[in-house]
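Residue numbers (my numbering): 64 to 226.
Beta carbons: idealized from backbone N, C-alpha and C, even for Gly.
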Amino acid sequence: MSYEAVVAMLGRRGVKVEDIADIVYRLQLVYHPLLTMQDCVDSVKAVLGKREVQYTLFTGMALDELAERRLLPQPLQAIMEADEPLYGVDETLALGITNVYGMIGLTSFGYLDKEKTGIIAELNDKKDEIHVFLDDLVAGLAAAASARIAHRYEGAKKYPHGS
64 MSYEAVVAML GRRGVKVEDI ADIVYRLQLV YHPLLTMQDC VDSVKAVLGK
114 REVQYTLFTG MALDELAERR LLPQPLQAIM EADEPLYGVD ETLALGITNV
164 YGMIGLTSFG YLDKEKTGII AELNDKKDEI HVFLDDLVAG LAAAASARIA
214 HRYEGAKKYP HGS
């Protein structure tokens with residue numbers, strides 16, 4: 064039930080699973096030359112299937128929606144409207160998603176947070192909606208799905224074990 068609800072909520076906010084998968088594809092293709100877009104879609108869906116990820120998304124998106132309706136208390140409302148650079152809670156929440164798959168997720172998130180590619184840039188640049196949390200949450204999802212692919216890659220170098 065929660066998977067369908069989170070996908071629907073993302074859709075209402077203008078984000079499709081395929082948008083996130085596109086970012087994952089761009090991140091992982093250089094390391095995984097046989098990667099398909101379907102692999103990326105499957106990985107995003109797997110990350111979205113985790114309940115802790117769903118709860119994080121519900122929380123961040125709800126805060127964005129409440130800010131759009133001007134229902135948050137001050138000074139939080141003003142901070143959200145300004146997308147205050149020093150706020151940092153949006154990144155902190157997104158890091159909870161990246162941590163599901165370890166350090167590679169964290170480094171990918173940092174890259175995406177700076178580069179703002181694909182749907183992340185679109186969300187960040189929208190002026191008629193508030194996406195303080197959503198752009199970072201999408202970056203966190205893409206980073207986690209990318210890390211999941213990296214961890215599962217059978218072509219990774221194997222190292223001999225000691226005797």
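Could you please give the first and the last residue of the uninterrupted alpha helix (DSSP H) stretch that includes residue i?
i, result
"Arg228", "Outside the shown range of the chain (64 to 226) lies residue 228, about which nothing can therefore be said."
"Thr122", "114–131"
"Glu315", "Residue 315 falls outside the range modelled here, since the chain spans only 64 to 226, and no answer is possible."
Does residue i get closer than 8 Å to chain C when you measure Cβ to Cβ?
i, result
"Ile193", "In the structure shown, chain C cannot be found, because there is only a single protein chain."
Would you kindly check if the distance between the Cβ of residue j and the Cβ of residue i is under 8 Å?
i, j, result
"Asp146", "Asp176", "no"
"Gln117", "Tyr66", "yes"
"Asp153", "Gly181", "no"
"Val107", "Val80", "yes"
"Leu169", "Leu158", "yes"
Taking the alpha carbon of residue i as the point to measure from, which residue in the options has its own alpha carbon closest?
i, options, result
"Asp82", "Leu197, Arg211, Ile183, Ala207", "Ile183"
"Leu100", "Glu217, Ala205, His224, Gly225", "Reading off the sequence shown, one finds Met at residue 100, where the question assumed Leu. When only C-alpha atoms are compared, the closest one is Ala205."
"Ala84", "Arg75, Ile193, Asp102", "Asp102"
"Ile193", "Val87, Thr119, Leu135, Ser171", "Leu135"
"Arg215", "Ala125, Ala109, Gln140, Arg76", "Ala109"
"Asp127", "Glu115, Arg114, Ile142", "Ile142"
Look at the alpha carbon of residue i and the alpha carbon of residue j, and state the distance between them as a whole number of angstroms.
i, j, result
"Ile160", "Ala207", "7 Å"
"Arg132", "Val104", "32 Å"
"Ala69", "Leu111", "Note on residue identity: the sequence assigns Val, not Ala, to residue 69. If I take the Cα positions, the gap works out to 8 Å."
"Leu197", "Arg211", "21 Å"
"Tyr191", "Glu144", "The displayed chain sequence assigns Asp, not Tyr, to residue 191. Looking at the two C-alpha atoms, the distance is approximately 10 Å."
"Glu178", "Leu186", "13 Å"
"Phe172", "Arg114", "20 Å"
Decide if residue i is buried, meaning its Cβ has at least 16 other Cβ atoms within 10 Å, or exposed.
i, result
"Met166", "exposed"
"Tyr94", "exposed"
"Tyr222", "exposed"
"Asp188", "exposed"
"Gln91", "buried"
"Leu97", "exposed"
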